[in-house]
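K.L.:
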Amino acid sequence: MKRFRIITFAAGTLLAASELARWWGSPRLVPLAFDEVLIGAALAFAALATRRLGPGGLAAAWGAFCGLMLSLLVPTLDHLLNGPPKPSAGFYGVVLTAMLALGVAALAHALTLGREGRRAR
Numbered sequence: 109m110k111r112f113r114i115i116t117f118a119a120g121t122l123l124a125a126s127e128l129a130r131w132w133g134s135p136r137l138v139p140l141a142f143d144e145v146l147i148g149a150a151l152a153f154a155a156l157a158t159r160r161l162g163p164g165g166l167a168a169a170w171g172a173f174c175g176l177m178l179s180l181l182v183p184t185l186d187h188l189l190n191g192p193p194k195p196s197a198g199f200y201g202v203v204l205t206a207m208l209a210l211g212v213a214a215l216a217h218a219l220t221l222g223r224e225g226r227r228a229r
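Per my numbering: the sequence shown = residues 109 to 229.
1. Output needed for L185: all residues of its chain with C-beta closer than 7 Å, excluding positions within five of it in sequence on either side, in chain order.
2. From I147 to E224, what does the alpha carbon distance come to, in whole angstroms?
3. Output the distance between the C-alpha atoms of P135 and V145, rounded to the nearest integer angstrom.
4. When you compare only the Cα positions, how much space is there between A228 and V203?
5. Would you kindly work out how many angstroms separate the C-alpha atoms of I114 and A169, rounded to a whole number?
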């Protein structure tokens, strides 16, 4: 559980920091980076609050992460398949697919932790 919380905190921090670094200095920072920063903060908070609140927060945060990755992946694949392709859309699609796979695996693990905790009570 501790290793999973560390991975969750690292993923949330990395997601938020990378988006802030990407859009820093741009007037479009707030509208374009807001969703990633919000999901990153949710992951970090869930990792820190799991001891008090249980694994439900982890499942919710990873579910939101999966939703975000899916909402970014679908338009990218649409541009890639139906044109006109964005620059480096293939690489971006592969990275988003890997992140979605990570999120689904983490969500499944968080749900398993919730079921195990319920059985122990």
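Even for Gly, the Cβ is constructed at its ideal location relative to N, Cα and C.
P.N.:
On the basis of the data shown:
1. G201
2. 25 Å
3. Rounded to the nearest angstrom, the two C-alpha atoms are 16 Å apart.
4. Here A228 scores only 42 on pLDDT, less than 50, and its place in the model should not be relied on; the value that follows carries that caveat. C-alpha separation (whole angstroms): 38 Å.
5. 14 Å
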